[in-house]
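A.B. asks: Pasting a structure below so you can have a look.
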Amino acid sequence: GQQLNQSPQSMFIQEGEDVSMNCTSSSIFNTWLWYKQEPGEGPVLLIALYKAGELTSNGRLTAQFGITRKDSFLNISASIPSDVGIYFCAGQDSNYQLIWGAGTKLIIKP
Amino acid sequence: NAGVTQTPKFQVLKTGQSMTLQCAQDMNHEYMSWYRQDPGMGLRLIHYSVGAGITDQGEVPNGYNVSRSTTEDFPLRLLSAAPSQTSVYFCASMIQTSGTEQFFGPGTRLTVL
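These protein sequences, in sequence, are chains D and L. Heads up: the first sequence is residues -7 to 102, going by the working numbering. Heads up: the second sequence is residues -13 to 99, going by the working numbering.
Given below as structure tokens:
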């Protein structure tokens, strides 16, 4: 099946640092989505991107839909302890199915 | 609204046993789906439904059955459990098939011995 390459797999950062993660694909997607999953919970949508080149913010989070439609990145500025969790990218194909990245685990060092 | 609910939260089965994972949503969503989540991998789609009476296979359907007799419920059946089905299972719903935001249940952690 289709694959999304999400990197990094995990990040250990200090509180207050900025975070950057990205996803790449060999296929074109119509929509890119970024979700966050906290322990014992299902993923929750953070940002949805609908157009190539689109840059969208949600508070301290900023995400971009790559111009080639094959990649996306998510930035988190000034990280805080509640940012810990696993961040997933997902691409939506022309059949509206979601293809998921393997996740980036964010750990904040005390 | 309760959103998407799943039962049970945890389950241990022996190889060969069958069971049904329950999923319900009270948001009148058209689209529902089942995913499995394994360590180091993204969510993988098992089965999905675009409306009552309509189901279709996802990426990893083998060993699982679904039905959608009502808009609200979308149970997932394991016919003969295998250790390879040890995973965390998530049910999700979306207002319509062409939407983008899927709402996830809290998950069922299944262990097959």
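Think of the CB as a built atom: it goes at the ideal place given N, C-alpha and C, for glycine as much as any other residue.
Between Q71/L and G44/L, which are expected to be in contact by the criterion C-beta below 8 Å, what is the C-beta distance as a whole number of angstroms?
C.D. replies: Going by Cβ atoms, the distance from Q71/L to G44/L rounds to 15 Å, so no, they are not a contact pair.
A.B. asks: What first and last residue would you give for the beta strand (DSSP E) that runs through T16/D?
C.D. replies: V11 to S17 is the extent of the beta strand (DSSP E) around T16/D.
A.B. asks: Leaving out the 5 sequence neighbours to the left and right, which residues in its chain are closer than 6 Å to T57/L when beta-carbon positions are compared?
C.D. replies: Hits under 6 Å: A38.
A.B. asks: So, do the segment 47 to 58 of chain D and the segment 54 to 68 of chain L have three or more beta carbon pairs nearer to each other than 8 Å?
C.D. replies: Touching, no.
A.B. asks: What three-state label does DSSP hand Q(-8)/L in the structure shown?
C.D. replies: Note: Q(-8)/L maps to strand in three-state DSSP.
A.B. asks: Between which two residues does the beta strand (DSSP E) carrying M80/L extend?
C.D. replies: From DSSP, the beta strand (DSSP E) with M80/L extends over S73 to M80.
A.B. asks: Return the Cβ separation of K97/D and S12/D in integer angstroms, given the expectation that the two are a contact with Cβ distance under 8 Å.
C.D. replies: That pair is no contact at about 14 Å.
A.B. asks: What's the gap between the Cα of E7/D and the Cα of A70/D?
C.D. replies: Distance between the alpha carbons of E7/D and A70/D is about 7 Å.
A.B. asks: Just grab the DSSP bridge partners of I99/D for me.
C.D. replies: DSSP lists F4/D as partners of I99/D.
A.B. asks: Mind checking who R52/D pairs with in its DSSP beta bridge?
C.D. replies: None, per the DSSP bridge assignment.
A.B. asks: Do the segment -3 to 11 of chain L and the segment 21 to 41 of chain D meet, that is, are 3 or more Cβ pairs less than 8 Å apart?
C.D. replies: Cβ pair count under 8 Å is below three, so no.
A.B. asks: Closest to E46/D by C-alpha separation, out of K28/D, G58/D and I5/D, would be which residue?
C.D. replies: Ranking the options by Cα distance to E46/D, first place goes to G58/D.
A.B. asks: Suppose you measure from the CA of I99/D to the CA of Q29/D; what does that come to, to the nearest Å?
C.D. replies: So the two alpha carbons sit approximately 13 Å from each other.
A.B. asks: Check whether the Cβ of Y79/D lies closer than 8 Å to any Cβ atom in chain L.
C.D. replies: For Y79/D, the answer is no, since every Cβ of chain L falls outside 8 Å of its Cβ.
A.B. asks: Going along the chain, which unbroken runs of the alpha helix (DSSP H) with 4 or more residues stay wholly within the segment 28 to 59 of chain L?
C.D. replies: With a minimum length of 4 residues, no continuous alpha helix (DSSP H) run stays inside the segment 28 to 59 of chain L.
A.B. asks: Quick check on L99/L: buried or exposed, where buried means 16 or more other Cβ atoms within 10 Å of its Cβ?
C.D. replies: Burial call: exposed.
A.B. asks: Residues of the segment 30 to 43 of chain D with a CB closer than 9 Å to any CB of chain L: list them in chain order, please.
C.D. replies: If the cut-off is 9 Å between Cβ atoms, the segment 30 to 43 of chain D has G32, E33, G34, P35, V36, L37, A40 and Y42 near chain L.
A.B. asks: For L53/D and chain L, any beta-carbon pair shorter than 8 Å?
C.D. replies: L53/D does not count as touching chain L.
A.B. asks: Would you check if the distance between the CB atom of Q(-3)/L and the CB atom of C9/L is smaller than 8 Å?
C.D. replies: Taking 8 Å as the Cβ cut-off, Q(-3)/L and C9/L do not qualify as a contacting pair.
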